[in-house]
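Remarks on the structure that follows.
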Amino acid sequence: MTQVGEGQQAEESAPPIMTFGAPTAGEILAERYELVEHINNDSAGRLVWRGVDVVLRRPVAVVLRYPGGDSATEMLQAAVAASRVIHPNLVGVYDAIDEADRAYVVREWVDGRSLREMVADGPLDPGRTTAVGNAVASALAAVHATGMVHGNVHPGTVMISDEGRVVLADARTDGADSQENDVRAIGGILYFALTGHWPHAEAPLHGATAGHGRAAIPDAVRDASGAIAAPRQVRAGVPAYLDDLTMDLLDAGIAPPPSDVLSAELARLDIPVEDDTYLEPTGPLRFAADNGEEPSPLASVAGRKVAVGIAGLLAVALVGLLIGISILGNDEDTPQTEPVARPSSSAPATEATPAAAVRKLSVTEVRIVDPDSKLRDELGGAEKVIDGDADKGWDTDTYTRSNFGNTKSGMGVWIDLGEERTVKSVQVSLSATGASAQLFAGTVDPPPTSSGDKELFNNYKKNPIGQPFEQHDGTTMTFNGFDADSKYRYLLFWITELPPNDRGYQIGVQEITVQGS
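One point on numbering: in my numbering, the residue at position 214 of the sequence shown is 341, and numbering is uninterrupted.
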């Protein structure tokens with residue numbers, strides 16, 4: 128029974144734990160949280176207790192730090208930020224309290240083991256490794272959608288509950304991290320799960336203090352130059368696609384994909400265990416069939432090795448699909464010359480309905496929406512935002528003020544998906560940082576005239592989807608968190624604030640990618 132993240136065993140170099148005035152079993156904090164059992168101390172000197180919320184009568188984990196005040200600011204800020212993101216793969220944060228002499232965070236209690244503890248019994252098989260990576264990527268996608276960074280992804284902050292749920296805990300807010308580092312850390316998680324070695328031991332991730340939550344994790348096998356051995360070189364039986372994906376994520380020379388794109392790709396490879404118990408052995412991975420769909424954006428974002436791996440997976444999936452069609456095409460009167468091998472399952476074959484694969488959706492039409500312009504001289508080049516070339520795009524004119532020179536409420540890029548589709552994410556690549564924008568959906572497609580644009584914007588602005596980006600400090604905006612039961616055909620990426628350049632205020636929209644099914 129362990130609480131990960133803050134609940135890692137203290138190392139010899141950990142700050143001393145106070146003894147005078149330390150909490151005792153039975154003590155009730157904030158007239159609500161009763162301390163039941165001291166579990167352990169973490170490497171930052173915090174005390175982890177199992178407790179009970181006496182109001183809601185539910186178990187909680189209580190993480191205490193002495194003293195409170197300024198020394199506890201980072202812990203409390205991280206807790207407040209984490210409480211705003213609700214996701215099944217994130218540990219829920221319930222409360223954060225500063226009492227000056229001490230501060231404490233109250234969060235969800237999870238019975239289970241950290242990934243670090245689990246792998247101590249032996250590396251995970253490829254199926255379970257993929258499931259863990261998918262869960263962590265999904266959690267990070269939810270965090271990144273708010274513009275925040277987790278900043279503390281490692282085997283001690285990933286936990287697998289006794290019921291099989293994978294959760295991520297202990298976010299940091301020290302400002303020394305990036306969303307890209309979060310995604311690269313998933314490569315470390317995959318590597319560790321497959322090999323039992325941590326590829327970042329020589330330089331702890333994200334500016335964390337040496338050994339924070341990573342004590343007793345062996346370093347990766349390295350050559351004389353310090354380069355790490357690939358998982359397949361350390362352990363037999365690692366599939367080539369998973370080996371390539373892991374090494375690409377760890378390769379500083381290859382740009383990692385956004386967390387939501389990586390999550391979608393891992394979800395395609397992840398399958399639930401038949402009896403819903405994560406810790407039970409799993410069989411070979413099953414993959415979604417290609418069905419003629421466009422290739423995943425992960426291949427172009429993450430590098431050549433991923434492209435090769437994904438292509439191989441799709442080929443295997445397509446062969447499996449053709450075999451399945453051949454089997455279904457044989458009726459009872461058609462003799463079978465030899466038996467057909469089928470995967471063993473306690474459930475009837477008809478109950479196994481694969482989920483629709485998440486992929487890049489095609490755009491049938493795109494145009495610039497400019498309802499407040501009289502000249503309408505900024506409408507050309509819209510097709511460049513969907514041509515697959517991030518070096519070419521559509522640019523606004525240069526204005527004297529960030530709000531389009533105080534002449535218009537904004538401008539937008541309208542896209543038509545051709546039919547109603549389930550949308551998982553919309554990624555917009557921009558030419559500069561500092562822009563503000565929103566994403567809307569609508570139901571009308573009026574003529575591309577000044578009055579038509581006014582009608583379109585008035586209809587669409589009533590239905591914002593995803594989260595708005597205010598003064599975005601990156602060049603990529605990723606909108607996600609869409610309602611899984613809703614479908615969309617028309618979308619509007621709407622720009623409200625322009626960033627400065629050496630001549631005024633201007634932005635270019637380089638590429639828009641819609642993921643869905």
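Glycine is no exception: its CB is placed at the ideal position from the N, C-alpha and C atoms.
Item to check | Inter-stretch contact (C-beta, 8 Å, three-pair minimum) for the region 561 to 575 and the region 619 to 627 | outcome: Short answer: they touch.
Checklist entry - Taking just the CA atoms, how far does Lys-487 sit from Val-641? => result The straight-line gap from Cα to Cα measures roughly 6 Å.
Checklist entry - Around the C-beta of Pro-250, are 16 or more other C-beta atoms found within 10 angstroms, so that it is buried, or is it exposed? => result Result: buried.
Checklist entry - Once you ignore the five residues that flank Pro-503 on each side, which residues in its own chain have a CB closer than 8 Å to its CB? => result Looking at the sequence provided, one finds Arg at residue 503 rather than Pro. So the list reads Asp-497 and Ser-577, once near-sequence residues are dropped.
Checklist entry - DSSP state of Leu-162, grouped into three classes? => result DSSP places Leu-162 within a strand segment (E or B) once states are collapsed to three.
Item to check | Bridge partners - Pro-186, DSSP secondary structure assignment | outcome: DSSP lists Val-179 as partners of Pro-186.
Next on the checklist: Using the three-state DSSP reduction, which class does Asn-647 fall into: helix, strand or coil?
Outcome noted: An answer regarding residue 647 cannot be provided, because it is not within the stretch 128 to 644 covered by the chain.
Next on the checklist: Rounded to the nearest angstrom, what separates Ala-209 and Gly-219 at their Cα positions?
Outcome noted: The C-alpha of Gly-219 is placed about 8 Å away from the C-alpha of Ala-209.
Checklist entry - Less than 7 Å separating the beta-carbons of Gln-637 and Ser-556? => result Taking 7 Å as the Cβ cut-off, Gln-637 and Ser-556 qualify as a contacting pair.
Checklist entry - Closest by CA to Gln-594, which one among Ile-381, Asp-248 and Ala-269? => result If we check each option's Cα against that of Gln-594, Ala-269 comes out closest.
Next on the checklist: My output table needs one value for Asp-580: the three-state DSSP class, helix, strand or coil.
Outcome noted: Helix at Asp-580.
Item to check | Limits of the alpha helix (DSSP H) - the one that Ala-208 falls within | outcome: Its alpha helix (DSSP H) spans residues 200 to 210.
Next on the checklist: DSSP three-state label for Asn-590, please.
Outcome noted: In the structure shown, Asn-590 adopts coil according to DSSP, grouped into three states.
Next on the checklist: So if DSSP puts Val-263 in a beta bridge, which residue, or which two residues, is it bridged to?
Outcome noted: As computed with DSSP, Val-263 is found in no beta bridge at all.
Item to check | Option in Gly-274, Gly-608 and Trp-541 with minimal Cα separation from Asp-309 | outcome: Of the candidates Gly-274, Gly-608 and Trp-541, the one whose C-alpha sits nearest the C-alpha of Asp-309 is Gly-274.
Checklist entry - When DSSP builds the beta bridges, which residues end up paired with Lys-487? => result According to DSSP, which records beta bridges pairwise, Lys-487 is partnered with Gln-642.
Checklist entry - Under three-state DSSP, which class holds Glu-624? => result Per DSSP, reduced to three states, the secondary structure at Glu-624 is strand.
Checklist entry - Roughly how many angstroms lie between the CA atoms of Arg-177 and Asn-585, to the nearest whole one? => result Rounded to the nearest angstrom, the two C-alpha atoms are 52 Å apart.
Item to check | Integer-rounded CB distance, given that Ser-500 should sit under 8 Å from Lys-535 | outcome: That belief holds up - the Cβ atoms of Lys-535 and Ser-500 are roughly 6 Å apart, short of 8 Å.
Checklist entry - Looking only at its own chain, which residues have a Cβ that is under 6 Å from the Cβ of Pro-422, when we skip the five neighbours before and after it? => result In this prediction, Pro-422 scores a pLDDT of 42, lower than 50, which makes its location untrustworthy; no coordinate-derived value is stated.
Checklist entry - Is Val-433 helix, strand or coil when you go by DSSP? => result Only weak support exists for where Val-433 lies, its pLDDT of 41 falling under 50; the value from the coordinates is given anyway. In this structure, Val-433 counts as helix in the three-state DSSP scheme.
Checklist entry - Under the rule that 16 or more other beta-carbon atoms within 10 Å means buried, what is Pro-627, buried or exposed? => result Exposed, since its Cβ has fewer than 16 Cβ neighbours within 10 Å.
Checklist entry - Is DSSP giving Lys-551 helix, strand or coil here? => result For Lys-551, the three-state secondary structure derived from DSSP is strand.
Checklist entry - What first and last residue would you give for the alpha helix (DSSP H) that runs through Gly-314? => result In the DSSP assignment, Gly-314 falls within the unbroken alpha helix (DSSP H) covering 306 to 322.
Item to check | Separation of Ala-262 from Val-512, as counted between CA atoms | outcome: For Val-512 and Ala-262, the gap between their C-alpha atoms comes out near 31 Å.
Next on the checklist: With H, G and I counted as helix, E and B as strand and the rest as coil, what does DSSP make of Ser-370?
Outcome noted: Note on identity: in this sequence residue 370 is Asp, with Ser being the wrong assignment. In this structure, DSSP gives Asp-370 a helical state, which the three-state scheme calls helix.
Next on the checklist: For Thr-527 and Tyr-632, I'd like the C-alpha separation in whole angstroms.
Outcome noted: Computed Cα separation, rounded: 6 Å.
Next on the checklist: I'd like the ranges of any beta strand (DSSP E) spanning at least 3 consecutive residues and lying wholly in the region 210 to 235.
Outcome noted: Taking only runs of at least 3 residues, the beta strand (DSSP E) segments lying wholly in the region 210 to 235 are 220 to 225 and 230 to 235.
Item to check | First and last residue of the uninterrupted alpha helix (DSSP H) at Gln-360 | outcome: 358 to 361 is the span of the alpha helix (DSSP H), which, as asked, contains Gln-360.
Item to check | Per-residue burial, Thr-477 [other beta carbons within 10 Å of its own, 16 or more giving buried] | outcome: Because the pLDDT at Thr-477 is just 43, under 50, the model does not fix this residue reliably, and the value given afterwards should be weighed accordingly. Classification for Thr-477: exposed.
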